[in-house]
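Residue numbers for the sequence shown follow this note's numbering, beginning at 825 and rising by one. All residues carry an ideal CB built from backbone N, CA and C; glycine is no exception.
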Amino acid sequence: REFGRRLQLTRAGIWFAGNQGDPYAMILRATDDDSTPFEERIRAHGPWFRSDLLGAWVTADRAVTDRVLSDPRFGTLDRAGHRPDAGLLPIAPEFPEYERPELARLQALAAPALSGAALLGAEQGEAHARVGGLLPAGGGAFDLVGDVVRPYIGELVLRLLGAAEGERVQAVGPLTRCGPQLDARFTPQTLAVARDSAAAVREVAALVRELVAREVARGAGRPAGLVAALLGRGVAPWDVERIGLILALGAPEPAVTVVANTVRALLSGGGDWAGARRTPAASAAVGRTLLAWPPTRLERRVAHEDVRLGGRGIRADDQVVVLAPGAPNALGQVPRTGPHLGLALPLVGLAATAAVSALARALPGLKSAGPVLMRPRSPVVRSYARFPVCAH
């Protein structure tokens, strides 16, 4: 009862702030499919918007954003080493929350094994058959995200980690149910979703520990996945567990959203769906999506000391929220804004590219079959609840 009460009270506070005209609160409500109007209102305030009712400095300014995400004076945790608002926004205790130096260390350890070229080459031979096996028999309308993309991405991530086929069948459900935890760090989920997604995180964490323990016991041999590859490179088992869990939680749902956004763009008037069957074209389309609609839209930092930035004095312990709003004409590299996404981004790109290419080959006549439906309370990932399509 206490858990549900906390979720309700936090949701009520966000709702009240939105009623008072706070655009950041309206983003956190996540009741609208398009948050762009609220992002524009925040941008209109200049480098900073102060959300007094929610106790946060919010920025959508590119220069300020870059500084916040690169300046070590802004931490992912508070000065005591805790997640901000942990009491108001409870998530699974197994969910990885690390400070910047530890995240950078883990990313450096994982980078050699996460070579995009190597991973993509290994996946291309599998993608077409696996996507084809998920398509409904007899054609007709179906849910692209729920029926095909989400289970394919979940199975792909598990396979790349090194899970055996039987394990993947059992674990793909829990893995795909973890997604709301990414949003739960910013906005409370319903009690049922909060409990279910937290339980799913516990199941996935146990699986990752089991994968690592099995590979340690097996010893040197032919690498069967990323877990074995990392151990083979001399990465400590405890660090492999951390990396594996970040990948398992940080890649699947963002990758699903990237695929859905890419398909929508390619099916639009100016898109080239037929061309996306070729891997380079699919990769380029995914790259454009990552720039225009970043796979995580919000990131929180905490000032560890007084900082003067963007014409404002940010005091120690102040919370800072970075918005990564859509920018269809954005140029430059994809920002690695999140504590999980920075490490998982190669896997997000790989999974999305493989899925888009396989879908374009399997469904050359793909058409939209109705309006998409976004998942409620998903301000961070902007997850899809339903994407109706048909194949002519």
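> In three-state terms, what does DSSP make of residue 910?
Replying inline: coil
> How is the beta strand (DSSP E) around residue 875 delimited, first residue to last?
Replying inline: 873-875
>> For residue 1009, tell me which candidate among 924, 1120, 1108, 1209 has the shortest Cα-Cα distance.
In response: 1120
>> Please return the same chain residues whose Cβ sits closer than 6 Å to the Cβ of residue 1242, not counting the five positions on each side in sequence.
In response: Shown here, the chain extends from 825 to 1216; a query on residue 1242 therefore has no answer.
>> So, with DSSP's three-state summary, where would you put residue 1154?
In response: For residue 1154, the predicted structure reports a pLDDT of 44, less than 50, and the residue's modelled location is therefore unreliable. A value from the coordinates is still provided. Coil.
>> Quick test of the definition: if touching needs 3 or more C-beta pairs under 8 Å, does the region 1017-1033 touch the region 1089-1099?
In response: no
>> Would residue 1080 and residue 1196 qualify as a contact pair, given that the criterion is a beta-carbon distance under 8 Å?
In response: no
> Tell me which same chain residues have a C-beta within less than 7 Å of the C-beta of residue 1218, skipping the five on either side of it?
Replying inline: It is not possible to answer for residue 1218, since the shown part of the chain is limited to 825 through 1216.
>> So, does the region 885-902 touch the region 1032-1044, judging by three or more C-beta pairs under 8 Å?
In response: no
> residue 1109 and residue 1172: beta carbons closer than 8 Å?
Replying inline: no
> Shortest alpha-carbon distance to residue 842 belongs to which of 859, 1170, 1094, 1199?
Replying inline: 859
>> Give me the residue from 908, 910, 852, 918 with the minimum Cα distance to residue 1067.
In response: 918
>> Applying the 10 Å Cβ sphere with the 16-neighbour rule, what's the burial state of residue 1135?
In response: exposed
> DSSP three-state call for residue 1054: helix, strand or coil?
Replying inline: helix
> With distances taken from CA atoms, which of 1165, 904, 1128 is nearest residue 928?
Replying inline: 1165
> Which word fits residue 833, buried or exposed, when buried means at least 16 other C-beta atoms lie within 10 angstroms of its C-beta?
Replying inline: exposed
> Between residue 1052 and residue 990, is the Cβ-Cβ spacing less than 8 Å?
Replying inline: no
>> On the CB-based measure, 16 or more other CB atoms within 10 Å of its CB, does residue 1062 come out buried or exposed?
In response: exposed
> Just how far apart, CA to CA, sit residue 966 and residue 925?
Replying inline: 44 Å
>> Rounded to whole angstroms, what is the Cα-Cα separation between residue 1032 and residue 1199?
In response: 27 Å
>> Going residue by residue through the region 1089-1141, where are the continuous beta strand (DSSP E) segments of at least 3 residues, counting only ones entirely within it?
In response: 1122-1127, 1131-1133, 1136-1138
>> Checking the sheet assignment: what are the DSSP bridge partners for residue 1215?
In response: 1190
> How about residue 993 and residue 1186: are their beta carbons less than 8 Å apart?
Replying inline: no
> Under the three-state reduction of DSSP, which class applies to residue 966: helix, strand or coil?
Replying inline: strand
>> Can you tell me where the beta strand (DSSP E) holding residue 1147 begins and where it ends?
In response: 1143-1147
>> By the three-class DSSP mapping on this structure, what secondary structure does residue 1209 have?
In response: strand
> Among 831, 931, 883, which residue has its Cα nearest to the Cα of residue 867?
Replying inline: 883
> Could you give the distance in angstroms between the alpha-carbon of residue 1011 and the alpha-carbon of residue 852?
Replying inline: 6 Å
> By a C-beta neighbour count over all protein chains shown, 10 Å radius and 16 as the cutoff for buried, is residue 1124 buried or exposed?
Replying inline: buried
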